[in-house]
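Take a look at the structure set out below.
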Amino acid sequence: MSDPHRAKEISEEPPMSRLFIICGKQITKEQLMNHFESDGSIEECVVITDRKTGQGKGVAYVKFSKTSSAARGLLKNGTIVEGDRRPIKVMISASYNRGKHSDTSADVNENHFLRLFAIVPSSRTEEQLKEEFGCHGTVTQIRLVADKKNDKQCAAYIKFTTFLETALAIENCNPQYKAKFCVPRKHEREQQGQPTKPDPINRKRTHSPDRLASVRSDTKLVVICSSLLNQDRLWRLFDICPGMKYCNIITANEINVTAAAVYSSREEAQRAVDKIHGLEYPIGERIIVQFEDEFKEEIITKDALSHFGPPKPLVSELVPCLRKAFFICIPEPVSLKLLTDAFCRFGDLIKVYFVPGKRHGYAEFSSIIAANRAIQQLHGIQLGECQLKVLECAEYTGENKRNRTEH
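Residue 1 is where the sequence shown starts when you use the UniProt record's numbering, and the numbers rise one by one after that.
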């Protein structure tokens, strides 16, 4: 390697043939080569080290000569490298050569690449193609689209159950088919350096959190991690997951760092939680990743509800309801989970529910005493930005209603 301290740019051909690995700081290039050599021919292995000390940073890249080899290597996520004691984290790496307007989802999320595109003779039927490509894996869908300019050929879209099967089919099918991974059209333009409609908010590392948080559908994650992780490392780690808009450190001390990572949708944020939450990076220090609303609820629970005592188990819904508490959230409703956590602390709670589409609802109790305590102590409480008003819900039997009408 020309520079042992930095990951040099490695060829991105074939696509998605490079793995990003989070591992122990003491793991060497030779250990990783031995660990992944059974998956296929390795073109390059780069272990990132500190410029000053030469110590590993716990991050590495392994570049294969085939995409299918990288797909096999991906299956070693969670395995342990010989000579170490902790499992490694393995992901398809984002492209070094990603353009300014590139969407990371085109480079990273292997689950988006289960389809291939091929040019086949128009005489081929779906059944024939399914039999031909079935030797590479399980074909779940085939769609043929006629070529208006050439009636002797047509476009075939073939879907498999796994990323590995799709890669094997592309590598081993008839070369005349010119098979390749099928990606959304906008991703193809981005890979060619032709941006789609430019995002009014570009993806520089100096984003303003306040500005980005106001974008509709953006989802913020709260990250608590080791103080050894700086802004750049956090950015690189969360940029592995598609859809990230920014990652900024909020507070830092000698023990840990609190940061915010914003994604363009909740689904993309959930993928980041699934991949990174609980990850030991550096090895021995876990990263905590939570949705901002869930993080706030935990703080609210600790600050506003702890003096009511611990949560108590719910009562079976088969038990008769003896009293209901009516509640309303002002100005906007909080989550049902938080409300249940609040009401259950008084015991004998059956269930809590909202009236559909409204900000008010009911809490059902199997005990009049528990219901009265909840009404008395929760009325007027502040749950984050929501003020909770809780009142007794008057219930009338048919006879009560008739008497009331007569008066």
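By construction, the Cβ of each residue, glycine as well, lies at the ideal position given by its N, Cα and C atoms.
Residue 275 is positioned such that its CB atom lies closer than 9 Å to that of residue 240. A distance below 6 Å between beta-carbons, with the five flanking residues on each side excluded, links residue 35 to the following residues of its chain, in chain order: 81. Around the beta carbon of residue 234, 16 or more other beta carbons sit within 10 angstroms, so the residue counts as buried. Only residues of its own chain outside the window of five on either side were considered, and among them 64, 67, 70 have a CB closer than 6 Å to the CB of residue 17, listed in chain order. Remark: C-beta atoms of residue 93 and residue 61 approach each other more closely than 9 Å.
With fewer than 16 other beta carbons inside 10 angstroms of its own, residue 232 counts as exposed.
CA-to-CA, the gap between residue 91 and residue 20 works out to about 5 Å. Straight-line measurement puts the Cα of residue 165 at about 10 Å from the Cα of residue 115. The C-beta distance from residue 287 to residue 247 rounds to 12 Å, too long to fall under 8 Å, and the pair is not in contact. Contact between residue 330 and residue 389 holds: their C-beta atoms lie close to 7 Å from each other, under 8 Å.
Per DSSP, residue 16 has no beta-bridge partner at all. Along the length of the stretch 247-294, whole beta strand (DSSP E) runs at least 3 residues long occupy 256-263, 288-291, reported in chain order. Within the same chain, Cβ atoms closer than 8 Å to the Cβ of residue 367 are found at 322, 323, 347, 348, the five residues on either side in sequence being excluded. Bounds of any beta strand (DSSP E) do not take in residue 53, whose DSSP letter is neither H nor E. Each residue's CA atom was taken as its position, placing residue 265 and residue 221 some 11 Å apart. Residue range 323-330 is occupied by the beta strand (DSSP E) that includes residue 325. Distance from the CA atom of residue 253 to the CA atom of residue 112, rounded to whole angstroms, is 39 Å.
DSSP lists no beta-bridge partner residue for residue 242. Of all alpha-carbon atoms in 77, 259, 332, 130, the one lying nearest the alpha-carbon of residue 358 is that of 332. Residues of the same chain with a CB within less than 7 Å of the CB of residue 328, apart from the 5 flanking positions on each side, are 359, 360, 389 in chain order. Per DSSP, the unbroken beta strand (DSSP E) holding residue 116 starts and ends at 115-121.
In the DSSP annotation of this structure, the continuous segment of the beta strand (DSSP E) that includes residue 360 starts and ends at 360-365.
Under a 10 Å Cβ-count criterion, residue 56 is classified as buried, with 16 or more other Cβ atoms of the shown protein chains found around its own Cβ.
The residues 350, 366, in chain order, have a CB closer than 7 Å to that of residue 319 in the same chain once the five nearest residues on each side in sequence are set aside. Inclusion of residue 375 and residue 392 in the CB contact set at 9 Å is warranted, their separation being smaller than that value. Burial of residue 31 is indicated by the presence of at least 16 other C-beta atoms within 10 angstroms of its C-beta.
Where residue 170 is concerned, the enclosing alpha helix (DSSP H) starts and stops at 163-172. Between residue 341 and residue 378, the C-beta gap is not smaller than 9 Å, which leaves the two residues out of contact. Excluding five sequence positions before and after residue 315, the CB atoms of its chain that fall closer than 6 Å to its own CB belong to 348, 350, 366, given in chain order.
Under the three-pair Cβ rule at 8 Å, the stretch 127-140 counts as touching the stretch 160-175. A direct Cα-to-Cα measurement between residue 178 and residue 117 gives close to 8 Å.
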